[in-house]
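Visitor: In this note's numbering, the protein residues as written are 3 to 435. Think of the CB as a built atom: it goes at the ideal place given N, C-alpha and C, for glycine as much as any other residue.
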């Protein structure tokens with residue numbers, strides 16, 4: 003370790019409590035705000051006011067997943083060379099991720115007078131927000147990896163997600179009340195506007211992060227050379243390759259999630275506010291699982307958390323298919339909330355444990371881009387299945403694919419913490435020599 007690396011490490015520990023506090027506040031407020039524009043409950047019901055086309059509803063889910071995950075491989079090489087990662091999520095992220103939510107709220111003003119324009123404006127601003135988040139995602143994750151020591155990350159994400167979802171339950175209950183007591187689209191204007199306000203406030207705390215500058219030990223390469231090396235990185239690390247395959251299959255198993263609320267609302271003629279109540283149920287499941295999964299990840303590894311959360315997601319979709327009444331969907335969303343908690347925690351963090359520190363952005367980018375590509379195609383395929391075959395066959399096929407992905411994860415992927423020390427790092431470094 004060089005003198006500069008030692009100084010950077012000392013700075014991390016010196017600022018640990020400060021960075022923990024401001025980033026927990028950022029995450030808490032951000033996730034609370036996100037509960038007012040929940041992409042699996044509130045937004046699909048909003049879209050259903052304009053169209054009943056299931057492919058359009060699937061497009062919403064596709065944008066949400068691909069926007070967050072797909073751009074990350076495009077930015078990984080850039081992020082890898084930055085001495086400070088903070089500049090992207092703070093300086094650029096304000097305009098690409100936070101500001102669009104303000105315009106999302108404003109787009110509801112056309113919902114009655116010009117519904118087609120309102121729908122187009124919604125998709126434009128939501129796409130801006132989703133892809134803007136994806137552009138800065140690798141830098142944010144790498145920044146967190148720099149400022150939060152490895153054995154504290156599980157607790158950090160567990161605490162952040164617990165507080166965010168706990169406050170989000172209150173927010174979702176408020177969204178349900180607003181949607182029930184105000185005529186369309188006023189309730190959505192208030193809900194989306196509250197999301198924008200909370201996300202802008204959370205940005206203030208993110209901007210207070212203290213990140214030491216640290217030059218990457220990896221040699222600088224052109225983007226063309228970087229892309230040329232990616233297949234070699236995958237060939238050099240078969241365990242990571244198996245992990246990516248399992249995540250792609252599991253992502254396809256999530257093809258039904260974006261249709262569950264619309265299915266329940268249409269089948270039992272429920273009011274719009276029910277979407278907020280289901281969101282609260284999902285957040286309760288998420289909050290209750292976050293602290294447990296955080297501790298489990300620190301003690302037993304992120305692979306076990308991913309296996310457990312995947313199983314809970316499959317059970318949630320299966321229960322939705324069998325539900326005889328809308329009350330059953332409270333349990334459905336509790337299970338899906340637990341599934342979300344595990345994916346948010348360990349789906350982000352496990353990639354950091356397959357690789358050396360200087361190659362983190364590449365591994366993060368590969369992890370999230372593979373998941374993003376599969377998650378982007380899955381809801382479109384799900385929308386097509388729902389359109390031609392109905393919701394029940396969609397739910398059954400999604401569960402079957404989910405079980406295949408779970409089997410791949412369990413039997414073909416080795417917990418990276420238990421892999422031979424330095425094996426992956428040496429293999430990848432050999433590629434770069």
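Evaluate the contact criterion for the segment 258-278 versus the segment 371-389: three or more CB pairs, one atom per stretch, below 8 Å.
Guide: They touch, by the three-pair rule.
Visitor: Drop a sphere of 10 angstroms on the beta-carbon of residue 304, count the other beta-carbons inside from all chains shown, and report buried for 16 or more, exposed for fewer.
Guide: Buried.
Visitor: Can you give the Cα-Cα distance for residue 309 and residue 347, rounded to whole angstroms?
Guide: Roughly 12 Å separates the two Cα atoms.
Visitor: Between 343, 61 and 49, which lies nearest to residue 268 when the distance is taken from Cα to Cα?
Guide: Residue 268 has its Cα closest to that of 49, out of 343, 61 and 49.
Visitor: Report, in whole angstroms, the separation of the C-beta atoms of residue 164 and residue 27, which I expect to be a contact under 8 Å.
Guide: That pair is no contact at about 13 Å.
Visitor: Starting from the C-beta of residue 323, find all residues in its chain whose C-beta is less than 7 Å away, skip the five residues before and the five after it, and write them out in chain order.
Guide: Contacts found: 394, 397 and 398.
Visitor: Suppose you measure from the CA of residue 448 to the CA of residue 311; what does that come to, to the nearest Å?
Guide: The first residue shown for the chain is 3 and the last is 435, placing residue 448 beyond what the model contains.
Visitor: Restricting to Cα atoms, I'd like to know which of 16, 417, 204 and 35 is closest to residue 242.
Guide: Ranking the options by Cα distance to residue 242, first place goes to 417.
Visitor: According to the neighbour-count rule (16 or more other Cβ atoms, all chains shown, within 10 Å of its Cβ), is residue 233 buried or exposed?
Guide: Classification for residue 233: exposed.
Visitor: Going by beta carbon distance, what residues of the same chain come within less than 6 Å of residue 1, once the five residues before and after it are set aside?
Guide: The question about residue 1 has no answer, for the chain in this structure spans 3 to 435.
Visitor: I need the boundaries of the alpha helix (DSSP H) containing residue 244, first residue and last residue.
Guide: Segment 240-255, the alpha helix (DSSP H) holding residue 244.
Visitor: Touch check for the segment 147-155 and the segment 75-84: three-plus C-beta pairs under 8 Å?
Guide: Flag = no, the segment 147-155 and the segment 75-84 do not touch.
Visitor: Compare the beta carbon distance of residue 128 and residue 203 with 8 Å and say whether it is the shorter of the two.
Guide: Contact flag unset, no.
Visitor: Once you ignore the five residues that flank residue 363 on each side, which residues in its own chain have a CB closer than 7 Å to its CB?
Guide: Here the set comprises 78, 81, 82, 140 and 144.
Visitor: Going by the CB atoms, is the gap between residue 353 and residue 295 shorter than 8 Å?
Guide: No. Outside cutoff.
Visitor: Would the segment 400-420 count as touching the segment 278-287 if we require 3 or more Cβ pairs under 8 Å?
Guide: As far as the Cβ criterion goes, the segment 400-420 does not touch the segment 278-287, which means the pair count is below three.
Visitor: Mapping the DSSP letters down to three states, classify residue 328 as helix, strand or coil.
Guide: If DSSP states are grouped into helix, strand and coil, residue 328 belongs with coil.
Visitor: Using 8 Å for Cβ pairs, my map puts residue 107 next to residue 40. What's the rounded Cβ distance?
Guide: Going by Cβ atoms, the distance from residue 107 to residue 40 rounds to 15 Å, so no, they are not a contact pair.
Visitor: DSSP three-state label for residue 415, please.
Guide: Note: residue 415 maps to coil in three-state DSSP.
Visitor: Rounded to a whole number of angstroms, what is the C-alpha to C-alpha distance between residue 135 and residue 412?
Guide: The alpha-carbon atoms of residue 135 and residue 412 are separated by roughly 30 Å.
Visitor: Closer than 7 Å to a non-hydrogen atom of the ligand ATP - does that hold for the CB of residue 158?
Guide: Of the ligands one can find in the structure shown there are none, so the ligand ATP has no counterpart to examine.
Visitor: Can you give me the Cβ contacts of residue 61 inside the same chain, cut-off strictly under 8 Å, excluding the 5 residues immediately before and after it?
Guide: Counting only Cβ-Cβ distances below 8 Å, and skipping sequence neighbours, we find 125, 381, 382 and 385.
Visitor: Among the candidates 409, 355 and 315, whose CA atom is the shortest distance from the CA of residue 155?
Guide: The shortest C-alpha separation from residue 155 is found at 355.
Visitor: Tell me where the alpha helix (DSSP H) around residue 157 begins and ends.
Guide: That run of the alpha helix (DSSP H) goes 152-183.
Visitor: Please work out which residues of its chain come closer than 6 Å, Cβ to Cβ, to residue 291, disregarding the five sequence neighbours upstream and downstream, and give them in chain order.
Guide: Contacts found: 340 and 343.
Visitor: Excluding the five sequence neighbours on either side, which residues of its own chain have a C-beta within less than 6 Å of the C-beta of residue 245, listed in chain order?
Guide: Hits under 6 Å: 415.
Visitor: Apart from the five residues just before and just after residue 69, which ones in its own chain have a Cβ nearer than 6 Å to its Cβ?
Guide: Once the five neighbours on either side are set aside, the close Cβ partners of residue 69 are 132, 133 and 136.
Visitor: Since residue 336 and residue 392 should fall inside the 8 Å C-beta cutoff, what is the C-beta to C-beta distance between them, to a whole number of angstroms?
Guide: Rounded, the Cβ-Cβ distance is 25 Å, inconsistent with contact.
Visitor: From residue 42 to residue 367, what does the alpha carbon distance come to, in whole angstroms?
Guide: Distance between the alpha carbons of residue 42 and residue 367: 24 Å.
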